[in-house]
Structure formats: C-alpha cells, structure tokens
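K.L.:
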C-alpha cells in the first residue's frame, strides 16, 4: 500500500488501469508530482517533445527531422515560451517551474530504463534539464501545425496556382491536424438529472498519445482529467467535484499569412513594400549520423519568414544585389493578456462553477478551443477560448496583424470570446463537432471547419434517445462516440455511378446497396474505401490539376498538408458538389475508379450478380490502428482493427488516396456525469500497459470500452462474497466491549437467545430486501440516514446499483438469520467524502443503521460494531475506518468517540453537513 513515487509534499498512487493519482499538499506540490510521474511513465515522449521545441530533435531522431527543427527555430518557439513565462504571474511561474522540477527529478533514472532508449542504444545519453518555460515551449510546438497555418498555406497555393474560383472546389471543410466531438446534455434531458459531458479529441497519435489520464487531490480540490503530455494540469478535459469541461478545436484563423517580395541589397534582404530590413541569422542544425547543416531564420515586423525547401533557401542566399524573391510571412495571433497565456492549467483545478471555468479560460492563447462546461447546479456554458483573427480574404493580403474578433476589427477585442460565462439553462443537447457555426459573426473567423455530418449524426442519435426514453443515458453517449455510420457517401455514390457493363456491375451494385456502415467487420466498407482511394488518385491526376504537382518550394514536412492526392481526397465531397462550376466533372473519374477496382479484384466480382463478399478482407483489417513511432528504428506497435472513418462519429480518419491507414483517431474518450464525481470514465489508445488489468488501454479503446476514472488510493474493505460472513456470537462481542449482560425487556429466555445468537453479514439483495430496508429508512429515528424522502422505487434502484459497483457494498446485519440492521462500506477515493480529507492507503468508509428490535440488550450496538471490526481486522486490508455521521447527530458522535474514534472537521456534503471521524486499527 506504499505510494509508487513520492517527494516533498506529494505522492503518487496508480490505479489498476495504470493511471496515476497525484496527492499533494498544494498546487505546487501537485505540479511537481505530476512532472515526476510523467517522467517515469513517458521519458521518451518528454525527451522528444523537449528537443522538438528547442529545434534539436534531429540529433535524436535523425536527419528527416531537420526541416521540423528549422521551422521551430524560425517560429521562435522557445523564445516565445520564455517571453510568456516572464510575463506570467508569480503563481503561474511557480506552477510551471514545479512541473519542470518534477520532470528533472525523475527523468534521469527513468531514461536509463526507458525501453526506447535501450532499444536505440541511447541509455547513456543524459537528458538536458527542463527549464521553467519548457512546458510552454512543448505546448506551443505541439500545436504549431494544428492551427490554421497548414490550411492557409494550402489555400494560398490553390489561389496562386489554379485561381480563386478553385478555392471552394478544393475546400475540404474537414479538420486539419486536430478535431473532436464534444457534447453537453442538460440536466433536464439527462438520465441522472445532472448535466452530462462526453468528448473525444481526434489527433495523430504518436507513442502513448498526446493525452495522459491523471487524477489530482490536495486540500480543497480533487480533479480527474486528461493532461497534455509536457504541460501541467488538465486544461482540455477535466472535472472537479462540482464542475466539468471539455473542448473541441474551434477551427479559427490563428495566424496571418501573406506573401512578401524581398530584395537583396548590400546590407541584406529588404522588404520591397516597406523598405524594412529583415533580421537574418544562421543556425546550425545537427542530426544523428549526418553531421551539421547551416540554415537561416528570418523575420520582420510583420512576422516570421516561413522556411522554404533546400532549393528555395539556396535561391535566397544566391540572390545578387538588386534581385528579388517572394517569401511567405507568418504572424501568430498575439496574446491580449500574455500574463494569462496558460493560467487555465492552474486555475481550472480549483473550479467550482461554470463561472470559474469561464474565468480560468480568460487570456488563453493556443490552441483556440470551443469549450463546453457544466456544474452540479445544472448551469451550462459554451465559450470560445484563445487568440484568433478574422479569416483571410481570397487574396494575397491577410487580415491586419494583431486584429482579433470579428472581420474588419482593428483593435484587440480579447483573447477569449465567451457566451453565457456565468452559465445558462439549456433546453437541448449541445453538440460541437468542429462544424461551422450558424451565426454569421462567429462563422467569419472560422477556417477549415468540418462538414456538418458528425454534428448532425450526433444530434440525430441523442435526440432519438430522448424521443424513445425521455433522457440521454451514459450508454447512449458511448454508443454515439463509437458510431460508424458514414451518412453522406451513399447519396454521393448514387450521383457518381451510372450503369456499367458486366465487369463492374457487381461492384456497383454492392456500393449502391451499401448503407454507409464503416464498422470494422464490414467487407463492403473495405471495397468502398478501395474505390474512394482510386477515385481520389484519378481526380488528382486530371490535367487541370497537374499544376499542383509542381514543387511548392516548401520542405517535405508540408507534404501531408499540400500533397495534391491527399488534398483532393479530403475534398472529394466538395468536388462532387461544386466541381462542375469550374468545368470539372468528377463522374468520369468515378466510373474509371469503379472499373479499376473491379479489374484489380476479379475474384470478388461475380458477373452472375452474386452479392457475396465473404472472401474479402473486412474494413477493420485494412484500417488497423497502431500509434506512430517517433524514431524510424523503433519496432512498430501491434495494430488493432478499428472501424469508422473521417466523417463518422468514430472518427478514425483516413486520407483518401493514401490508402486505408488511420491518419487520426480519437486520442481519448471521456464521459463526465455531474450528478456524482465518481460517475467519470475515460480511455486512451495507449499501447503500453502500466496497470494490473493484463491488457493495454488501446485494446479496451478499440473494443469501445472505458475505464472508471477515480483518484485511486489502495482501499480497505471486506472481500465481496455472495455468501454470508459469519462474525461470531453476540456474547463474544459483548465480552469484547466489556458490557455485562443485564436483561431489560422480554423474558429471560428470549434475551438469552439474543445474547447467544450468531451475527452475520449477508450481501443485500435489492429485490428481496428492499421492502424491509424501505420500512427502516422511512422511520423518524432513521432521519440521519438521509433517505426519508425517497420513494420505494428509488431505494430499490439505489441498492440495486450498489450491488453492481466494486467500490460500495451493502450488507444486512443478521442475528440468527433475522435482520438486525444495515452495514455499508465504501472506498473513500470513490466517494464524495474522499474530497474532504487526504485519503490514506487502507481507508475504509462505513455506515451502520440498526433497526428497532423487540429484545434489545444493552451494549448490542457496541458489540455488533466490535464483531464487524474484528472481521475487518481479520481480513487484513483495512488500516483505518472512516465515518461521517450527520454533524447534529450527537448520539452517534458520542458513540464513535466512546469506541475510540477521533473526530475530524465538519464537512459540507451535498446531502448533509457531516463530521469526519477516524479510527486507526491496531
């Protein structure tokens, strides 16, 4: 029961799924513990992330990373992080520094045992220490290409290569490097009577993934959420005891991009339009086994010059005096309040209400998020948090540098745009899925939004649940998260595929009869994906698009964003709908693709018209997922079959034209029920098993399962059993508490029968015992039990639920097999009581209710408690018993003190004002 890791003011326990729970004395100690356990669990990821942020990843990962290092240096990632850290308030500086201290305290020893370091022969390498601003640098670098920059570069290329009229045709309106689903069910429509939040961010998953499930507890707070690896806190997805939040990518314009003409003069490069000299400096980039390369980074008052490929860079260097060239200049949105750039990481940990959540997000910079939140009162919130600009117009001139908010704005209007910051009442399910807002003002600043398909499908499924049952359940939300319906393509196929000859007839029939199901076991989905890949390649090879095949003069790292096949593949729906406006008819390519796939798979094409596809591989086998490895020499992770597709709610996205591989997947799933902090679930596609369940999280993720999110501490308890636990004779209990036998009521023989009777604990059977329990808890003497106002059905459902949990248990106390009372136990880390004190290993919470009896013996209550205590001690799991009777129940408090309990503080529980009491077992 000892912590896995500990330090000054903090310690870490790990739950059976391998998730760490950091206990600390304050926020700084929590950050230190968080950094330490992250270094233990993910030393390779932390080293890779730090080196990328510093522009030194090629030293570790090889020459393919030189261009990425060049970009990080050109965009001044580390310098920006240092500026933000210096501008931050003292509390934020200390919070970030404490996390870095935790990393530094553990990463050295963790690296020496790191499987990746051992595999690559790098165990002797000594990781450089993290600076207090390194978490900021890691965060900035990780989101460098997840904003609007790649989309802006692509649109600029389309406009300058094909013309403005091609923009809408090749506009994917599909998420870039990141996207997500996030849904908020208001209390009136929730199965629990409190708001529900479900979310799943869609990202490229490298190693164990960008998100780390983690729990925190300290005096006055208890939090569970998903940390961004390398950054303290849980800013994207989290919940406290009374508030919860989740985000989706807001798809806003986060940078300006413009083309600038520069001229070589005696003193260097000069911007022709302004006469401003560019700041130029050489940087040496080292890569493993390939020596050092010298590159140049350039900037002007308008922003950073985007590095070109080797040819473009050489041409700039070789310009003769007076010669000109054109470069792309990028300017990220400037923080309106740099002192609060990442304050949300710290402040959200103490959020009590949606107003606190909204306040914490004020000043946030990047990434720009659609935030949904709710609290235990039922208040709901939607806000957009981050620094962004108006969407650029369809010309080379970008919006003015430093403009925020609505189109045409010239003055910053604040980095966080909030609606209902104090919360509002919702009468419908709120669905955010990166779709374009209906509001014209809000829509103006969005760029590269997702098509509305995911949002419409989620709304349809959740409204269907409400129509059928009146409420949305946890199961409804999880089912929607793993839904594999691709609703748009059956209709598009009908538009594209005409009558064909016998060679392609069977394939055409299969596709036209297909209902859009992209489940892992679907063979037709696999055939559809083959056809779609071929269709995308056919379109990209069209003569009118061949100019896009010319060099973009940008490094290879931009290929996923600028490759014509990939971009045409992502824009297929736009091409089908809008292509004919520019004389680009996709139907010919669609039919050619149909014939091509039919010819490539003749064994599947039955010219007699058979629809059997049993011999074809299923979609899941082709579409298997394995996290990306950062180093090319690391062994690949085992792939797992998955269903879904880019525009499915199970957004295991492909890049049509590039094959069936998963490009992005749900990098996590969370479900928060504001009715009870313990009603929290999560899962990530982590391929590493750090727990004791015998399987890596990725396997449960692929199966659509979730893990219980609890701030776990090894608890005491009685082993669950279906059979009664025999405690001994009541007389033994009386002797143990030193109470002489003195008859009070009834005949002597009756009392003797009581005293000599056997006590036992029998697990409650809700159906069998509810009538009895209901009668007990309705009595005035049981008012402190807190169930006087419940109906029979509510009592029955409560005890039926308890029978399904692994953390809360209920027994009937029986004397000679006759009910004497009710005994309940709970693991404090899974109960709201655990939020009010520091839970210790071996703690066990208890409740005891003794019913009225005809022949009561003085000392019976104490004797019963003594026998139960003996059984708890005998089983050996419990070190301390915790009780929290009503603070006004003087009799119970006196009895606890008389039996050795120490009274603790008064606590404000949702259903009562209680007082903690503790008894340390011998």
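In the numbering used here, the protein residues as written are 917 to 1838. We treat Cβ as the ideally placed atom computed from N, Cα and C, and that holds for glycine.
Check each candidate in 1801, 1422, 1807 and name the one with the smallest Cα separation from residue 1830.
P.N.:
Answer by Cα proximity: 1801.
K.L.:
Among 1674, 1154, 1194, 1030, whose alpha-carbon lies nearest the alpha-carbon of residue 1783?
P.N.:
Measuring from the Cα of residue 1783, the nearest candidate turns out to be 1674.
K.L.:
Provide the residue span of the beta strand (DSSP E) that contains residue 1140, from first to last.
P.N.:
That run of the beta strand (DSSP E) goes 1137 to 1144.
K.L.:
Residue 1428: buried (16+ other C-beta within 10 angstroms of its C-beta) or exposed?
P.N.:
Flag for residue 1428 reads exposed.
K.L.:
Using the C-alpha atoms, what's the distance from residue 1222 back to residue 1506?
P.N.:
Answer to the nearest angstrom: the Cα atoms are 37 Å apart.
K.L.:
Suppose contacts are defined by Cβ-Cβ distances below 8 Å. Is residue 1043 in contact with residue 963 by that definition?
P.N.:
Yes. Within cutoff.
K.L.:
Put residue 946 into one of helix, strand or coil per three-state DSSP.
P.N.:
Of the three classes helix, strand and coil, the one that applies to residue 946 here is helix, per DSSP.
K.L.:
Excluding the 5 residues preceding and the 5 following residue 967 in the sequence, name in chain order all residues of the same chain whose CB lies nearer than 6 Å to its CB.
P.N.:
Same-chain partners within the cutoff: 973, 976.
K.L.:
What did DSSP end up calling residue 1559 once you bin it into helix, strand or coil?
P.N.:
Coil.
K.L.:
Residue 1141 and residue 1125 look like a contact to me (Cβ under 8 Å); what is the Cβ gap, rounded to whole Å?
P.N.:
Incorrect: roughly 15 Å between the Cβ atoms, too far for contact.
K.L.:
Might you give, ordered along the chain, the residues of its own chain that have their beta carbon closer than 6 Å to the beta carbon of residue 1107, omitting 5 neighbours on each side?
P.N.:
Answer for residue 1107: 1387, 1389, listed in chain order.
K.L.:
Among 1443, 1793, 1550, which residue has its Cα nearest to the Cα of residue 1516?
P.N.:
Checking every option, the nearest Cα to that of residue 1516 belongs to 1443.
K.L.:
Quick one: what's got a C-beta closer than 8 Å to residue 1686's C-beta in the same chain, skipping five residues either side?
P.N.:
Correct list, in chain order: 1708, 1711, 1712, 1715.
K.L.:
So, is residue 1691 buried or exposed, given that buried needs 16 or more other C-beta atoms within 10 angstroms?
P.N.:
Burial call: exposed.
K.L.:
Enumerate, from N- to C-terminal direction, the unbroken beta strand (DSSP E) stretches of 3 or more residues contained entirely within the stretch 1324 to 1411.
P.N.:
Entirely contained in the stretch 1324 to 1411, the beta strand (DSSP E) runs reaching 3 residues are, in chain order, 1332 to 1340, 1346 to 1348.
K.L.:
Which two residues bound the contiguous alpha helix (DSSP H) that contains residue 1233?
P.N.:
Residues 1226 to 1234.
K.L.:
Here's the rule I'm using: 16 or more other beta-carbon atoms within 10 Å means buried, otherwise exposed. How should residue 1240 be labelled?
P.N.:
Result: exposed.
K.L.:
Indicate the three-state DSSP secondary structure (helix, strand or coil) for residue 1129 in the structure shown.
P.N.:
It is a strand residue.
K.L.:
Rounded to a whole number of angstroms, what is the C-alpha to C-alpha distance between residue 1093 and residue 1062?
P.N.:
Summary for residue 1093: the model assigns pLDDT 46, below 50, so the residue's position carries little reliability, and this model does not support an answer.
K.L.:
Comparing C-alpha positions only, which one of 1614, 1753, 1432 sits nearest to residue 1541?
P.N.:
Nearest option by C-alpha distance: 1614.
K.L.:
To the nearest angstrom, how far is it from the Cα of residue 1828 to the Cα of residue 1702?
P.N.:
Their backbone Cα atoms lie some 8 Å apart in a straight line.
K.L.:
Note down the Cα distance separating residue 1756 from residue 942, rounded to an integer number of angstroms.
P.N.:
Looking at the two C-alpha atoms, the distance is approximately 17 Å.
K.L.:
Could you say which of 1797, 1778, 1020 lies nearest to residue 1815 if we only look at CA atoms?
P.N.:
The option with the nearest alpha carbon to residue 1815 is 1778.
K.L.:
Check whether the stretch 1032 to 1048 touches the stretch 1276 to 1288, taking contact to mean three or more Cβ pairs, one atom from each stretch, closer than 8 Å.
P.N.:
Output reads no: the stretch 1276 to 1288 does not touch the stretch 1032 to 1048.
K.L.:
In the DSSP assignment, the alpha helix (DSSP H) including residue 1679 goes from what residue to what residue?
P.N.:
Taken as a continuous stretch (DSSP letters only), residue 1679 belongs to no alpha helix (DSSP H), being part of the beta strand (DSSP E) at 1674 to 1679.
K.L.:
Below 6 Å CB to CB, which residues in the same chain sit around residue 1526 once its five sequence neighbours on both sides are set aside?
P.N.:
For residue 1526, the predicted structure reports a pLDDT of 48, less than 50, and the residue's modelled location is therefore unreliable. The matter cannot be settled from this model.
K.L.:
Taking residue 1351 as the reference, which of 1196, 1145, 1098 has the closest Cα?
P.N.:
Checking every option, the nearest Cα to that of residue 1351 belongs to 1098.
K.L.:
Are residue 1798 and residue 1761 closer than 8 Å when you measure CB to CB?
P.N.:
Going by C-beta atoms, residue 1798 is nearer than 8 Å to residue 1761.
K.L.:
Can we say the stretch 1244 to 1256 touches the stretch 1015 to 1034, given the rule of at least three CB pairs closer than 8 Å?
P.N.:
Verdict: no, contact absent.
K.L.:
Ordered along the chain, which non-local residues of its own chain (more than five positions away) have a Cβ less than 6 Å from that of residue 1167?
P.N.:
Correct list, in chain order: 1350, 1362, 1364, 1365.
K.L.:
By DSSP, does residue 929 sit in helix, in strand, or in coil?
P.N.:
Strand.
K.L.:
Looking at the secondary structure, which residues open and close the alpha helix (DSSP H) in which residue 1451 lies?
P.N.:
Taken as a continuous stretch (DSSP letters only), the alpha helix (DSSP H) holding residue 1451 covers 1439 to 1456.
K.L.:
Using the beta-carbon count (16 or more within 10 Å), is residue 1384 buried or exposed?
P.N.:
By the 10 Å Cβ count, residue 1384 comes out exposed.
K.L.:
Expressed to the nearest angstrom, what Euclidean distance is found between the alpha-carbon atoms of residue 1629 and residue 1610?
P.N.:
Going from the Cα of residue 1629 to the Cα of residue 1610 covers about 20 Å.
K.L.:
Taking the runs of the beta strand (DSSP E) that are 3 residues or longer, which of them lie wholly in the stretch 1073 to 1114?
P.N.:
Fully enclosed beta strand (DSSP E) runs of 3 or longer: 1094 to 1101.
K.L.:
Can the beta-carbon of residue 1607 be found less than 8 Å from the beta-carbon of residue 1075?
P.N.:
Going by C-beta atoms, residue 1607 is not nearer than 8 Å to residue 1075.
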